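S.K.: Note that full-length UniProt numbering has the sequence shown beginning at 1, numbered continuously upward.
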Amino acid sequence: MRWTWTAQVFFTLHTLTILMKVHSYAFYNGHLSETQRRLASLDKPGKVSMEAPIPYPEASPRRRSVARRASHHARSESISELREDLATELTSPLGNVTYPQNLTVVNYVDFVFCPTLCYELEYPRSKERRWIEIALKTLAVFGCIFLLTLTSEEFILPVLTEANIQLHSVSSVAEKALILAETISMLLFPFMITFLLVFLVIFEYVLGAFAELTCFADRHFYSDWWNSCDWLEFSREWNIPVHHFLRRHVYFPSLSNFSKPVAMFITFLVSAIAHELVMSCITKKLRGYGFLAMMLQLPIVAVQKSKYVRGKTTLNTHKAKS
Numbered sequence: 001m002r003w004t005w006t007a008q009v010f011f012t013l014h015t016l017t018i019l020m021k022v023h024s025y026a027f028y029n030g031h032l033s034e035t036q037r038r039l040a041s042l043d044k045p046g047k048v049s050m051e052a053p054i055p056y057p058e059a060s061p062r063r064r065s066v067a068r069r070a071s072h073h074a075r076s077e078s079i080s081e082l083r084e085d086l087a088t089e090l091t092s093p094l095g096n097v098t099y100p101q102n103l104t105v106v107n108y109v110d111f112v113f114c115p116t117l118c119y120e121l122e123y124p125r126s127k128e129r130r131w132i133e134i135a136l137k138t139l140a141v142f143g144c145i146f147l148l149t150l151t152s153e154e155f156i157l158p159v160l161t162e163a164n165i166q167l168h169s170v171s172s173v174a175e176k177a178l179i180l181a182e183t184i185s186m187l188l189f190p191f192m193i194t195f196l197l198v199f200l201v202i203f204e205y206v207l208g209a210f211a212e213l214t215c216f217a218d219r220h221f222y223s224d225w226w227n228s229c230d231w232l233e234f235s236r237e238w239n240i241p242v243h244h245f246l247r248r249h250v251y252f253p254s255l256s257n258f259s260k261p262v263a264m265f266i267t268f269l270v271s272a273i274a275h276e277l278v279m280s281c282i283t284k285k286l287r288g289y290g291f292l293a294m295m296l297q298l299p300i301v302a303v304q305k306s307k308y309v310r311g312k313t314t315l316n317t318h319k320a321k322s
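Written as structure tokens, this is what we have:
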């Protein structure tokens, strides 16, 4: 069966999304299961470990509740304090759901449709669905897809096809370099339009529509990434759902065995592999360009964090845009 590149990208992105959701659901509930086992062991006779429970990394710092107390000590002072810490870890920050009450089919299906990649016992909810808003966002999705198709078919693919023909018709390195430079200059504006349209479709309209359908109150899917002064700030703010997933399920688990630079490298590596997979669906070739472009951010980050560039906002901004 021959799929178009749009169908391949759609299927790939949804597959990656489901895989990340299943991973988050399984690992977080596994952590809660172990916490419940420790809580139950307090009622049994015998030696009890007084090590304080390790709180699972927060999915979103914005949803942190002041009522949720995390122990900063290696050991609890008493059985009652340990019991309280374990019970707190098993309860949602809003206080309405306690493990294992969440282990239902309805809860899992709700999580699948919620516009988030990180599983929580409970999410903040809006009071009602705005059906007009859902209809408008749905229309906007189809409008943006039409513009995306028009841009790629009229302003990107013809340029690439012509460049491919020209590159095969010349032999000198200078002529090939000139053709590549001309092609890149012609593709800069269409690619920028494509990026902005894809961003609008995913983060403003699709996620916004699912947030309305599920009454998901946290609509913080992106920040003002256009004002970013360095690569790390940009990577944190342009795709917040994925950033929260990588932070919670890749970066923090890596810190338990590796140093911060190695944990950051592993996080970028996982992200780069996913980006290369999507790029290979578009180009139908596995060349490693997307992977290389993602991994090249690490030396740029190292330069921006050096004493010569750190704190110099103007210079950092130029490097981030280059």
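Where a beta carbon is used, it is the ideal one built from N, C-alpha and C, also for glycine. Quick caveat, the model's predicted, so the values are computed rather than measured.
Taking the alpha-carbon positions, what's the ARG2 to LYS285 distance?
M.R.: One C-alpha to the other measures close to 15 Å.
S.K.: Identify which residue in SER80, TYR205, VAL97 has its Cα closest to the Cα of LEU32.
M.R.: Of SER80, TYR205, VAL97, the smallest CA-CA separation from LEU32 is found for VAL97.
S.K.: In three-state DSSP terms, what is HIS72?
M.R.: With a pLDDT of 46 at HIS72, under the threshold of 50, the predicted position of this residue should be treated as unreliable, though the coordinate-derived value follows. Correct three-state label for HIS72: coil.
S.K.: Since VAL206 and VAL141 should fall inside the 8 Å C-beta cutoff, what is the C-beta to C-beta distance between them, to a whole number of angstroms?
M.R.: That pair is a contact at about 6 Å.
S.K.: What runs of the alpha helix (DSSP H), each 4 residues or longer, lie entirely inside the stretch 77–141?
M.R.: 79–89, 105–113
S.K.: Would you report the Cα separation of GLN8 and GLN304, rounded to the nearest angstrom?
M.R.: 36 Å
S.K.: Got a sec? Which residues, its chain only, sit under 8 Å from LEU213 by beta carbon, not counting five neighbours each side?
M.R.: PHE113, ARG129, ILE134
S.K.: For VAL262 and GLN297, what's the separation of their Cα atoms in angstroms?
M.R.: 14 Å
S.K.: For the alpha helix (DSSP H) that contains ASN29, what are its first and last residues?
M.R.: Start and end: 5–41.
S.K.: Name the DSSP bridge partner or partners of PHE216?
M.R.: ARG125
S.K.: Between which two residues does the alpha helix (DSSP H) holding ASN227 run?
M.R.: Counting along the chain, ASN227 falls outside any alpha helix (DSSP H), and DSSP gives it neither H nor E.
S.K.: Exposed or buried, which one is ASP85 when buried takes at least 16 other CB atoms within 10 Å?
M.R.: buried
S.K.: If we ignore side chains and look at the alpha-carbon of each, how far apart do PHE189 and SER235 end up?
M.R.: Taking the straight line joining both Cα atoms gives about 22 Å.
S.K.: Please return the same chain residues whose Cβ sits closer than 8 Å to the Cβ of SER259, not counting the five positions on each side in sequence.
M.R.: none
S.K.: Alpha carbon to alpha carbon, how far is CYS281 from THR12? Give it in angstroms, no decimals.
M.R.: 8 Å
S.K.: Do PRO55 and ALA211 have their C-beta atoms closer together than 7 Å?
M.R.: no
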